[in-house]
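The sequence shown begins at 0 in numbering that gives the first Met the number 0 and counts up one residue at a time.
Backbone N, C-alpha and C define an ideal beta-carbon position, used for all residues, glycine too.
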Amino acid sequence: MKKLYELVKAESLNWDAHENMPMFQCWNFHALPVIKNAVKFAKERGADAQVVEVAALFHEYGGYVDKCKHYKDHHIVGGERAEPILLAHGYSQDFVDKVKQCIFSHRASVICPKLTVEEICVSDADAVAHIENVFQMIMWMGQRGDSVEAANEFIKRKITKSYAKLSPQAKDYAKEKYEAILKILY
Ligand SMILES: [Fe+2]
Ligand SMILES: [Fe+2]
0 MKKLYELVKA ESLNWDAHEN MPMFQCWNFH ALPVIKNAVK FAKERGADAQ VVEVAALFHE
60 YGGYVDKCKH YKDHHIVGGE RAEPILLAHG YSQDFVDKVK QCIFSHRASV ICPKLTVEEI
120 CVSDADAVAH IENVFQMIMW MGQRGDSVEA ANEFIKRKIT KSYAKLSPQA KDYAKEKYEA
180 ILKILY
């Protein structure tokens, strides 16, 4: 597992550089919070914590590697790119298929009606991380060179979508912060 963390972390640093962010910004303020919450949710909900941890680790991998090229499809590309790596590290095809399904379902804009408990843990953790680390996202917009108007629009859309896709229990957990964020946006 340590090698997998190193591999994904290295790619996240390339993404930081691509987006004009200081090193480790994405890793510390998105990747790690998603992994931490996903594992916490998995334990609370009786999900397979190993599937959830590996999926959370790789959930943005497609974006890190391909940068903006596959931005809209990074949830699909990420799973496809993770598959041979995980197989080479000795994980079974069945395990890898479950991980891929979680990576595929993590997108805020993709609301699937029937998800496994593992998929919900990763999707909830991703959305909660957006809400809990909104300051990082606002910084990112600035670092990319976006205007105040564009950043405000982006953040509002992202946060609203993220909250909308949360499971009822995760909505309870994030409600207060979500409403506070909407109050400070234009
Ligand atoms: Fe994503
Ligand atoms: Fe994410």
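What separation, rounded to the nearest whole angstrom, lies between the Cα atoms of Pro167 and Leu56? Position 168 of the sequence shown, counted from the start, is the residue given in the question as residue 167. Position 57 of the sequence shown, counted from the start, is the residue given in the question as residue 56. About 24 Å.
Enumerate in chain order the residues of its own chain whose CB-to-CB distance from Asp123 is below 7 Å, with the five nearest sequence positions on each side excluded. Taking the sequence shown and counting its residues from 1, one reaches residue 123 at position 124. Closer than 7 Å at Cβ, skipping near neighbours: Phe40, Leu165, Ser166 and Ala169.
Classify Gly144 as buried or exposed, calling it buried when 16 or more other Cβ atoms lie within 10 Å of its own Cβ. Translated into positions along the sequence shown, residue 144 becomes position 145. It counts as exposed.
Residue range of the unbroken alpha helix (DSSP H) whose run includes His17: Translated into positions along the sequence shown, residue 17 becomes position 18. Lys1 to His17 is the extent of the alpha helix (DSSP H) around His17.
Is there contact between the stretch 88-95 and the stretch 124-135, where contact requires at least three CB pairs shorter than 8 Å? no
Would Lys99 be called buried (16 or more neighbouring beta carbons within 10 Å of its own) or exposed? As a working mapping, residue 99 is identified with position 100 in the sequence shown. So Lys99 ends up on the buried side.
Can you check whether the CB of Glu79 is closer than 9 Å to the CB of Trp14? Here residue 14 refers to the residue found at position 15 of the sequence shown. Here residue 79 refers to the residue found at position 80 of the sequence shown. Cβ distance not < 9 Å, so Trp14 and Glu79 don't count as in contact.
How would the residue list near ligand 1 read, in chain order, if you kept each one whose beta-carbon is closer than 7 Å to any heavy atom? His58, Glu59, Gly62, His73, His74, His105, Arg106 and Asp125
Alpha carbon to alpha carbon, how far is Leu181 from Leu86? As a working note, residue 181 is residue 182 in the sequence shown. As a working note, residue 86 is residue 87 in the sequence shown. Each residue's Cα considered, the two are about 42 Å apart.
Going by DSSP in three states, Asp47 sits in which element: helix, strand or coil? Counted from its first residue, the sequence shown places residue 47 at position 48. It is coil, neither helix nor strand.
To the nearest angstrom, report how far apart Lys113 and Cys120 are at their CA atoms. Numbered from its first residue, the sequence shown carries residue 113 at position 114. Numbered from its first residue, the sequence shown carries residue 120 at position 121. The alpha-carbon atoms of Lys113 and Cys120 are separated by roughly 13 Å.
Expressed to the nearest angstrom, what Euclidean distance is found between the alpha-carbon atoms of Ile34 and Val7? By one-based count along the sequence shown, residue 34 stands at place 35. By one-based count along the sequence shown, residue 7 stands at place 8. Looking at the two C-alpha atoms, the distance is approximately 12 Å.
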